[in-house]
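> Got a structure here, written out as structure tokens. Questions coming.
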Amino acid sequence: MKRLLPVLLLLGCPTAPPDNPPPDAEPPPDLLPLGDALAPLGELRPQPQGSVHLNDIVVVDGVAWMPGHGSVYVVDVSDPAAPEGIADAGSQMYRVAVDGDRAVVSGRARGVRFIGLDNGQLLAGSNLAQDGYVPGGVALTADHVLIGTTGDGLEVRDRQGLELIGSVAGLTNVVDVANDGQTVVAVDRDAGLAVIDMSEPAAPTVLGSVALPGSPQGVALQDGIAYVAASGSLAVVDVRTPESPALLADVLTDGVATRVDVDGDFVALANWFDTRVYDVADPGTPRLVAVEEAQDSAMAVAIEGDVVYVGDWDWLRTYRIDASVGAPDVSGPAGVSVSGGAGSLDGSFRLDNVGDRPLIATLSCDDTAVAITPQLTVDAHDGATVDVHVESPSSDPWTATCTVASNDPDEPTKEVLVDVNPEGLEVGDPAPDWTLPDLAGVSHSLSAQQGNVVMITLFSGL
Amino acid sequence: MPLLEDLWQDFAPRGLIAYSVSSNILAPDDPETVADYVAEMGLTMTTLIDYDVTVYDAYRITDSDGFAPYPREFIVDRDGTVLYAAATIDAAAMAEVLDAALD
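Okay, structure coming up:
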């Protein structure tokens, strides 16, 4: 039975239940045969009885760290098809951040604690709990713990004793924080998404911020692009210019987005009624590629490579994304001819994407005398012209090989032969002789027709 | 192809010899399939099959995209010299060449 929404409403989620979508709701993005896009791998109920209620999942080095109502469950997922419990500790745990075999866990009413994994044993580290202290999302940097709190905003604490070093002015209601090694972002119920300057940990500041389309609940960050689980939508924010973060996309999720994770070209979203996987090869146009219907309530999610970890209340389920479903599909000629003798010559060919997702291609050639369009993005079921410029040292024929590297999963590299000054038959040349059979098997030859004018057409019935 | 058939019909009385050569680079030709195609196109000139695509290779065209292979039209003079070579069917241009060659 599905849990009902009041739990979320208590968390302050302002989004209408999906049964009553907002009036401006647009139809969901193109749906693909989703059952085929996620191949089931394995499942685990980390605790046989009682409420597990998974709140978060982080997978690092083949270990899944999963805070839940029942405990922090630490699960061996080195074989994602056979998840196996290692240890658990505590109760009423909420969010986690992991660095190697050390993790910091927040427990909302239970404060914040460090735990570690050592030879299959969970070790307890520093612990911080005080009345009225409500920590939410957490992140780790090399020296600090970043803790989003309700009331105290974004805190910077040291990694040894969890001593408070600084906090960010202007933020009071931070629900999650993420760090991709370059940039730190926080999502705040009041201030939206904020990019944080951590250069002075004792006095961190907001470099820039942007309003979010829905109440944020979780954020993930990769290569300067932030993905926000914003209740009724997945918001994508470009934070590569920290002073002016820009909303790239706002995708309605037909649910209540609570957690989000990103790896490579895919984003996974825990959406209460289901878990969704988006292709974000082009972050500005996330494409829904898979939906796993929740058996209970999907509140936690992680993605690592092509494996999706679904936290559905009491259960962890694992899936492998079949990237060939709805994939980009490159199509183009085996070669291109460039004629004109010596010097600067130009040619071109058409590169088509006959697949269902954007094709992103990088082109290069094995000869410095050939310059080719270096990069192309081709929308689904569209094409683009590739320009080829050749500096030919002479009018003699020669060839080079160019390579189209793309996100086509079936053809990650495709070779295109550049045929410069190709040899061919021209007016005035002697016609090469031939002897060929007709449909009845009778031989005919050109030389036998000496003295006659002969018309020849080469065709193919295919 | 019907344009070529018209040319052939027009110039055959003046001594033109015409061959249509099936030159399939993708898969081995089989005479039945080719015969069906030729019948469908209404071709009456002699059809030959370039099983090992040697004619295809020998009769490349310089100023076209050598990888967009069909059709290719050639006119060969009485002494075996190429009078016309093109990768598109331009019936008017071919008629002009044939008219001059068959004088």
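First to last, the protein sequences are chains A and B.
Position 301 (the first sequence) corresponds to 308 in my numbering; numbering is contiguous.
Position 26 (the second sequence) corresponds to 224 in my numbering; numbering is contiguous.
C-beta: ideal position from N, C-alpha, C; glycine also.
Taking a cut of 9 Å between CB atoms, which residues from the stretch 242-263 of chain B lie near chain A?
From the stretch 242-263 of chain B, only M243, T244, T245, L246, I247, D248, Y249, T252, V253, Y254, A256, Y257, R258, I259, T260, D261, S262 and D263 have a Cβ closer than 9 Å to chain A.
> In chain B, which residues lie less than 9 Å from H451 (chain A) when you measure between Cβ atoms?
As a position in the first sequence, residue 451 (chain A) is number 444, starting the count at 1. Result: Y217, T244 and L246.
> Counting only the same chain and skipping the five closest in sequence on each side, list residues whose C-beta sits under 8 Å from that of G139 (chain A).
Sequence index remark: in the first sequence, residue 139 (chain A) carries index 132 (1-based). Result list for G139 (chain A): G158, in chain order.
> Taking Cβ to Cβ, would you say P55 (chain A) is nearer than 8 Å to A71 (chain A)?
Position 48 of the first sequence, counting from 1, holds the residue named residue 55 (chain A). Position 64 of the first sequence, counting from 1, holds the residue named residue 71 (chain A). Not closer than 8 Å, so no.
> Measuring CB to CB, does A256 (chain B) end up less than 8 Å from P404 (chain A)?
What you label residue 256 (chain B) is simply residue 58 of the second sequence in a count that begins at 1. What you label residue 404 (chain A) is simply residue 397 of the first sequence in a count that begins at 1. Not a contact, by the Cβ cut-off of 8 Å.
> What did DSSP end up calling R117 (chain A) once you bin it into helix, strand or coil?
In the first sequence, residue 117 (chain A) corresponds to position 110, counting from 1. In the structure shown, R117 (chain A) sits in a helix (DSSP, three-state: H, G or I).
> Using 10 angstroms around the beta-carbon of T375 (chain A), count the other beta-carbons present and answer buried if the total reaches 16, otherwise exposed.
Translated into the one-based positions of the first sequence, residue 375 (chain A) becomes position 368. It is exposed - the Cβ of T375 (chain A) has fewer than 16 other Cβ atoms within 10 Å.
> Between D208 (chain B) and chain A, is the shortest Cβ-Cβ distance under 8 Å, so that the two count as touching?
Taking the second sequence and counting its residues from 1, the one referred to as residue 208 (chain B) is at position 10. No, no contact with chain A.
> At the 8 Å Cβ level, is I367 (chain A) part of the contact set with chain B, yes or no?
Residue mapping note: residue 367 (chain A) aligns to position 360 of the first sequence, counting from 1. False, the Cβ-Cβ gap to chain B never drops below 8 Å.
> By DSSP, does V449 (chain A) sit in helix, in strand, or in coil?
In the first sequence, the residue the question calls residue 449 (chain A) occupies position 442. V449 (chain A) falls in the coil class under three-state DSSP.
> I'd like the ranges of any beta strand (DSSP E) spanning at least 3 consecutive residues and lying wholly in the stretch 73-112 of chain A.
Whole beta strand (DSSP E) segments, 3+ residues: 79-83, 91-96 and 102-106.
> Which residue's Cα is closest to the Cα of D272 (chain A): A:G188, A:V182, A:W279 and A:I367?
Translated into positions along the first sequence, residue 272 (chain A) becomes position 265. Checking every option, the nearest Cα to that of D272 (chain A) belongs to A:I367.
> Quick one: does P269 (chain B) have its CB under 8 Å from some CB of chain A?
Here residue 269 (chain B) refers to the residue found at position 71 when the second sequence is read from its first residue. Taking Cβ atoms only, chain A reaches closer than 8 Å to P269 (chain B), which makes this a yes.
> According to a CB-to-CB cut-off of less than 7 Å, which residues of the stretch 222-234 of chain A neighbour chain B?
Correct list: empty, as no residue qualifies.
> Taking the CB atoms as reference points, tell me whether L178 (chain A) and A210 (chain A) lie closer together than 8 Å.
Within the first sequence, residue 178 (chain A) is the residue found at index 171, counting from 1. Within the first sequence, residue 210 (chain A) is the residue found at index 203, counting from 1. No, these two residues do not count as a Cβ contact at 8 Å.
> I want to see whether chain B comes within less than 8 Å of W441 (chain A), judged by CB atoms only; does it?
Numbered from 1 along the first sequence, position 434 holds the residue referred to as residue 441 (chain A). Yes - at least one Cβ of chain B is within 8 Å of the one on W441 (chain A).
> Mind checking whether V194 (chain A) and V217 (chain A) have CB atoms under 8 Å apart?
For the purposes of this step, residue 194 (chain A) is taken as the residue at position 187 of the first sequence. For the purposes of this step, residue 217 (chain A) is taken as the residue at position 210 of the first sequence. In this structure, V217 (chain A) does not lie closer than 8 Å to V194 (chain A) by Cβ.
> Does any CB atom of chain A fall closer than 8 Å to the CB of G213 (chain B)?
Working through the second sequence from its first residue, we reach residue 213 (chain B) at position 15. Yes, G213 (chain B) counts as interfacial toward chain A.
> At a cut of 8 Å, does the stretch 294-310 of chain A reach the stretch 392-403 of chain A through at least three beta carbon pairs?
Cβ pair count under 8 Å is below three, so no.
> List, in chain order, every chain A residue whose beta-carbon is nearer than 7 Å to that of G278 (chain B).
If you number the second sequence from 1, residue 278 (chain B) lands on position 80. Within chain A, the residues near G278 (chain B) are P437, A438 and Q457.
> Taking DSSP's pairing of strands, which residues face Y326 (chain A) in a bridge?
Taking the first sequence and counting its residues from 1, the one referred to as residue 326 (chain A) is at position 319. BP columns for Y326 (chain A) point to A:P47 and A:V315.
> Taking buried to mean at least 16 other C-beta atoms within 10 Å of its own C-beta, is P252 (chain A) buried or exposed?
For this step, residue 252 (chain A) is matched to residue 245 along the first sequence. With 16 or more other Cβ atoms within 10 Å, it is buried.
> Got a sec, what are the start and stop residues for the alpha helix (DSSP H) L205 (chain B) sits in?
Mapped onto the second sequence, residue 205 (chain B) falls at position 7. P200 to F209 is the extent of the alpha helix (DSSP H) around L205 (chain B).
> So is V395 (chain A) in contact with chain B if we call contact Cβ pairs under 8 Å?
Taking the first residue of the first sequence as position 1, residue 395 (chain A) is located at position 388. No, V395 (chain A) lies away from the interface with chain B (no Cβ there is under 8 Å from its Cβ).
> Which one of A:R117, A:G173, A:A198 and A:V317 has the shortest CA to CA distance from M73 (chain A)?
Looking up residue 73 (chain A) in the first sequence gives position 66. Of the listed residues, the one whose Cα sits closest to M73 (chain A) is A:V317.
> I'd like to know whether the C-beta of T406 (chain A) is nearer than 8 Å to at least one C-beta of chain B.
For the purposes of this step, residue 406 (chain A) is identified with residue 399 of the first sequence, where counting begins at 1. Chain B, which has no Cβ nearer than 8 Å to the Cβ of T406 (chain A), makes this no.
> Is it true that the CB of L214 (chain B) sits closer than 8 Å to the CB of L300 (chain B)?
The residue labelled residue 300 (chain B) in the question sits at position 102 within the second sequence. The residue labelled residue 214 (chain B) in the question sits at position 16 within the second sequence. Their beta carbons are under 8 Å apart, which means L300 (chain B) touches L214 (chain B) by this criterion.
> Taking beta-carbon pairs under 7 Å, can you tell me which members of the stretch 227-242 of chain B lie near chain A?
Under the 7 Å Cβ criterion, the stretch 227-242 of chain B contributes P229, T231, V232, A233 and Y235.
> Among residues of its own chain, excluding the 5 on either side of G173 (chain A), which ones have a beta-carbon nearer than 6 Å to its beta-carbon?
Working through the first sequence from its first residue, we reach residue 173 (chain A) at position 166. V163, P208, A209, A210 and P211, listed in sequence order.
> Can you round the beta-carbon distance between D281 (chain A) and V296 (chain A) to whole angstroms, since I take them to be within the 8 Å contact cut?
Locating residue 281 (chain A) in the first sequence gives position 274, counting from the first residue. Locating residue 296 (chain A) in the first sequence gives position 289, counting from the first residue. Not really, about 13 Å apart at Cβ, beyond 8 Å.
> Check whether chain B comes within 8 Å of D417 (chain A), counting only Cβ atoms and requiring the distance to be less than that.
For the purposes of this step, residue 417 (chain A) is identified with residue 410 of the first sequence, where counting begins at 1. No - not a single Cβ of chain B is within 8 Å of the one on D417 (chain A).
> Classify A146 (chain A) as helix, strand or coil using the three-state DSSP reduction.
Along the first sequence, one-based indexing puts residue 146 (chain A) at 139. DSSP places A146 (chain A) in strand when its eight states are reduced to three.
> Could you tell me whether any Cβ in chain E is nearer than 8 Å to the Cβ of A299 (chain B)?
The displayed structure is made up of protein chains A and B, and chain E is not among them.
> Does the beta carbon of I64 (chain A) come closer than 8 Å to any beta carbon on chain B?
Residue numbering aside, residue 64 (chain A) sits at position 57 when the first sequence is read from its first letter. By this cut-off, I64 (chain A) is not an interface position.
> Return the residue from the list A:D417, A:V395 and A:E433 that minimises the CA-CA distance to L424 (chain A).
Numbered from its first residue, the first sequence carries residue 424 (chain A) at position 417. Of the listed residues, the one whose Cα sits closest to L424 (chain A) is A:V395.
> Apart from the five residues just before and just after D165 (chain A), which ones in its own chain have a Cβ nearer than 8 Å to its Cβ?
Along the first sequence, one-based indexing puts residue 165 (chain A) at 158. Only D150, H151, V152 and I172 meet the Cβ criterion.
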